[in-house]
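**Q**
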Amino acid sequence: MASIETPAHEVVWKHFYKICSIPHISKHEEKLAAYICDFAKQLSLDCRKDPAGNILVTKNATSGLEDRPGLILQAHLDMVPQKNENIIHDFLIDPIKPYIDGDWLRAQNTTLGADNGIGVSYILAILESQTIMHGPIEALFTVDEEAGMSGALGIKPGFLQGRRLVNLDTEDDREIIIGCAGGKDCTATSSYQEETPDNTYSAYSLTVKGLKGGHSGIDINLGRANAIKLLFRLLYAGASNCNLRISSIHGGTIRNAIPREATAVIMIQKDRTSKLKTIVDDLGQAFNTEYQGIENEIQIECVSYQSPCNVLPNTAQQALLRSIYACPNGVIRMSNHMRDFVETSTNLGIVHCDNGTISVNCLLRSSVESAMTDLQNTLYCALTQGNFNVTFTGGYPGWAPNPDSSLLKSVAGVYEAEYGRKPDIMAVHAGLECGIIGAQYPDMESISCGPTIKYPHSPDERVSVSSVNKFWQFLVKILESI
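Taking the working numbering, the leading residue of the sequence shown gets 34, the next gets one more, and so forth.
1) Is the segment 417 to 430 touching the segment 354 to 363 in the sense that three or more CB pairs, one from each, lie closer than 8 angstroms?
2) From the DSSP secondary-structure annotation, give me the bridge partner or partners of glutamine 325.
3) Measure the alpha-carbon distance for serine 162 versus threonine 144 and round it to whole angstroms.
4) Opposite valine 336 in the DSSP bridges: which residues?
5) Would you mind listing the beta strand (DSSP E) stretches within the segment 434 to 464 that are 3+ residues and don't spill past its ends, in chain order?
6) Return the CA-CA distance between serine 337 and glutamate 478, expressed in angstroms with no decimal places.
7) With distances taken Cα to Cα, identify the nearest neighbour of lysine 487 among Ala140, Pro434, Phe72, Tyr68.
8) Got a sec? Which residues, its chain only, sit under 6 angstroms from serine 438 by beta carbon, not counting five neighbours each side?
9) Do three or more CB pairs link the segment 118 to 125 to the segment 443 to 455 at distances below 8 angstroms?
10) As a quick exercise: from Pro436, Thr286, Lys510, pick the residue whose alpha carbon is nearest that of isoleucine 383.
11) With a threshold of 8 angstroms, are at least 3 pairs of Cβ atoms found where one atom belongs to the segment 249 to 264 and the other to the segment 303 to 311?
12) Answer with buried or exposed for isoleucine 299, where buried requires no fewer than 16 other C-beta atoms within 10 angstroms of its C-beta.
13) Would you call the segment 181 to 188 in contact with the segment 85 to 97, where contact means no fewer than 3 C-beta pairs closer than 8 angstroms?
14) Output the distance between the C-alpha atoms of tyrosine 237 and isoleucine 301, rounded to the nearest integer angstrom.
15) Distance check for threonine 485 and aspartate 205, CA to CA, integer angstroms please.
16) Excluding the 5 residues preceding and the 5 following isoleucine 251 in the sequence, name in chain order all residues of the same chain whose CB lies nearer than 6 angstroms to its CB.
17) Between the Cα of glycine 428 and the Cα atoms of Pro434, Arg293, Ile469, which residue gives the shortest distance?
18) What did DSSP end up calling arginine 139 once you bin it into helix, strand or coil?
19) May I have the straight-line CA-CA distance separating alanine 290 from leucine 381, to the nearest angstrom?
20) Go ahead and label methionine 34 buried or exposed: buried means 16 or more other beta carbons lie within 10 angstroms of its beta carbon, across all protein chains shown.
21) Using DSSP bridges, identify the partner residues of proline 131.
22) Under a Cβ-count criterion, where at least 16 other Cβ atoms within 10 Å of its own Cβ denotes burial, should cysteine 53 be classed as buried or exposed?
23) In chain order, what are the residue ranges of uninterrupted beta strand (DSSP E) at least 3 long that sit wholly in the segment 49 to 127?
24) Around the Cβ of alanine 349, are there at least 16 other Cβ atoms within 10 angstroms (buried) or fewer (exposed)?
25) Once the 5 residues before and after serine 96 are set aside, which same chain residues still bring their CB inside 6 angstroms of it?
26) I think leucine 465 touches aspartate 148, with their Cβ atoms under 8 angstroms apart; what is that distance to the nearest whole Å?
27) Along the chain, where does the alpha helix (DSSP H) that runs through lysine 217 open and close?
28) Which two residues bound the contiguous beta strand (DSSP E) that contains valine 344?
29) Throw me the rounded Cβ distance for the leucine 104 and isoleucine 170 pair, which I believe falls under 8 angstroms.
30) Mark arginine 81 as exposed unless 16 or more other C-beta atoms lie within 10 angstroms of its C-beta, in which case mark it buried.
31) Under 8 angstroms, do valine 344 and glutamate 227 count as touching if we go by C-beta distance?
32) Taking one C-beta from the segment 99 to 114 and one from the segment 55 to 63 each time, how about it: are there three or more such pairs within less than 8 angstroms?
33) So what does DSSP say about methionine 405, is it helix, strand or coil?
34) Tell me which residue opens and which closes the beta strand (DSSP E) that alanine 260 is part of.
35) State the DSSP-derived secondary structure class of phenylalanine 504, mapped to helix, strand or coil.
36) Would you kindly report the start and end of the unbroken alpha helix (DSSP H) that includes asparagine 149?
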């Protein structure tokens with residue numbers, strides 16, 4: 034296990050390393066939840082769990098500060114499970130293995146889970162502390178933030194007493210977030226009767242890999258390639274020019290991560306393999322030209338595969354290719370009101386096709402309700418033309434900025450006094466739970482802040498060690514001051 038020699042902040046890292054040892058991916062947070070409940074019990078703190086699986090731990094104010102208004106510290110328990118190709122890692126069983134790389138803490142070939150394990154660690158350190166001065170604290174640990182927000186959506190009126198909330202799920206220590214986009218899930222499914230091609234066909238595995246991927250909200254404006262979209266460009270060209278037939282497709286693993294890899298098993302007539310190779314080579318060069326300076330080398334791999342393989346009927350294949358090719362992806366519109374802020378986007382996160390069934394998952398984001406409706410209609414039209422059954426679920430509200438919030442002014446004042454500069458006060462094109470919680474508690478004041486994390490939702494995820502330590506000092510000052 035890596036070690037960080039920062040004695041003043043040992044307690045934060047102690048908790049984070051413990052969290053890394055406990056599997057806690059979305060919808061499987063029960064072991065970490067049980068650990069936190071036992072942790073609270075050992076500290077003789079009140080601990081409650083609601084029907085959605087969220088945990089609320091309360092800690093009384095330091096003597097003499099009982100009259101202060103309560104403060105809610107909030108973080109989510111789940112992490113995104115992503116790993117590098119050909120790495121064996123069972124996220125339901127295996128621990129995350131962190132290591133130090135200069136000022137960064139990373140994980141060996143997987144997501145690190147600093148999003149949002151570092152936030153959880155800060156709260157546990159505060160609950161444990163006997164020296165930090167603070168008013169009444171409610172520690173709220175939500176579940177399923179990364180896979181539908183069901184935890185935050187399940188919070189009911191009366192569960193929380195405080196009306197000031199500090200969310201610890203922001204990934205730049207220079208920023209205080211005061212607003213975010215809303216989101217919605219799109220699921221499309223269809224079925225087909227498999228066909229068996231004749232013995233003039235050979236099977237190949239066609240893979241797009243080597244992409245950076247990343248967070249489908251925070252990183253969507255970086256212009257990174259989507260492995261599924263690139264794969265479908267190859268498949269469309271192959272089907273149009275050399276009668277390529279699709280046997281199976283596996284692209285993406287989670288709707289809120291930009292897909293880094295996608296693979297199709299294809300069948301092609303033996304006398305057309307040279308034409309396929311030309312298409313693969315030409316498009317591979319085109320992809321690398323298009324994404325030069327954005328991606329590292331994009332790799333296209335086409336290798337022989339065991340035969341025989343069943344395939345989609347031609348009509349089903351054409352419908353699939355046209356629908357996914359037409360499916361919007363990436364930034365749809367930039368904001369008119371905030372510089373460099375994405376208003377509306379969509380991420381084609383998953384396409385699976387095998388054994389007679391096809392499933393597609395997208396995540397839509399927008400801070401403008403009418404734009405969200407327009408994007409939903411666009412996706413519906415693109416996918417229904419391929420005879421998909423399309424549903425939209427899991428919608429959660431955006432978080433409207435309140436620049437006049439007294440909580441914001443207090444925290445921004447602490448920041449400026451601590452660092453000699455004003456924080457960057459921003460909205461973010463990602464889903465934060467503040468808006469959802471605020472819908473149940475309309476008088477809630479909320480902000481979000483945290484240490485610097487890079488490349489969340491990908492195996493390149495890393496958290497700055499110096500930033501974690503710096504933010505700890507800032508958080509302690511917040512507690513002491515407000």
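Just so it is clear, CB atoms sit at the ideal spot from N, CA and C, and this is done for glycine as well.
**A** Put simply:
1) Yes: the two stretches touch, three or more of their Cβ pairs being nearer than 8 angstroms.
2) Answer is Glu328.
3) Approximately 29 angstroms between the Cα atoms of the pair.
4) According to DSSP, which records beta bridges pairwise, valine 336 is partnered with Ser238.
5) As far as the segment 434 to 464 is concerned, its whole beta strand (DSSP E) runs of at least 3 residues are 457 to 461.
6) If I take the Cα positions, the gap works out to 58 angstroms.
7) The shortest C-alpha separation from lysine 487 is found at Ala140.
8) Hits under 6 angstroms: Glu478.
9) Flag = no, the segment 118 to 125 and the segment 443 to 455 do not touch.
10) Distances from the CA of isoleucine 383 to each of Pro436, Thr286, Lys510 were compared; the closest alpha carbon is that of Thr286.
11) No, the segment 249 to 264 does not touch the segment 303 to 311.
12) It is buried - the Cβ of isoleucine 299 has at least 16 other Cβ atoms within 10 Å.
13) Yes: the two stretches touch, three or more of their Cβ pairs being nearer than 8 angstroms.
14) In a straight line, the C-alpha of tyrosine 237 is about 8 angstroms away from that of isoleucine 301.
15) The alpha-carbon atoms of aspartate 205 and threonine 485 are separated by roughly 4 angstroms.
16) If we look at isoleucine 251 and ignore the five residues flanking it on each side, its Cβ neighbours are Ala463.
17) In terms of Cα proximity to glycine 428, the closest of Pro434, Arg293, Ile469 is Ile469.
18) Arginine 139 falls in the strand class under three-state DSSP.
19) Their backbone Cα atoms lie some 9 angstroms apart in a straight line.
20) With a pLDDT of 43 at methionine 34, under the threshold of 50, the modelled position of that residue is not reliable, and no figure is offered here.
21) According to DSSP, proline 131 bridges with Ala140.
22) So cysteine 53 counts as buried.
23) The segment 49 to 127 contains these whole beta strand (DSSP E) runs: 79 to 82, 88 to 92, 104 to 109.
24) By the beta-carbon neighbour count (other beta carbons within 10 angstroms, threshold 16), alanine 349 is buried.
25) No residues qualify anywhere along the chain.
26) Not confirmed; about 12 angstroms, so no contact.
27) Element bounds for lysine 217: not the alpha helix (DSSP H) but the beta strand (DSSP E), 215 to 224.
28) Where valine 344 is concerned, there is no enclosing beta strand (DSSP E), given that its DSSP letter is neither H nor E.
29) With a Cβ gap of about 6 angstroms, leucine 104 and isoleucine 170 count as contacting.
30) Its Cβ having fewer than 16 others within 10 Å, arginine 81 is exposed.
31) Yes, the pair counts as a contact, with Cβ atoms nearer than the cut-off.
32) The answer is yes - the segment 55 to 63 touches the segment 99 to 114, with three or more Cβ pairs under 8 angstroms.
33) In the displayed model, methionine 405 falls within a helix according to three-state DSSP.
34) Note, alanine 260: premise wrong, no beta strand (DSSP E); alpha helix (DSSP H) at 260 to 275.
35) In the displayed model, phenylalanine 504 falls within a helix according to three-state DSSP.
36) Residue range 147 to 161 is occupied by the alpha helix (DSSP H) that includes asparagine 149.
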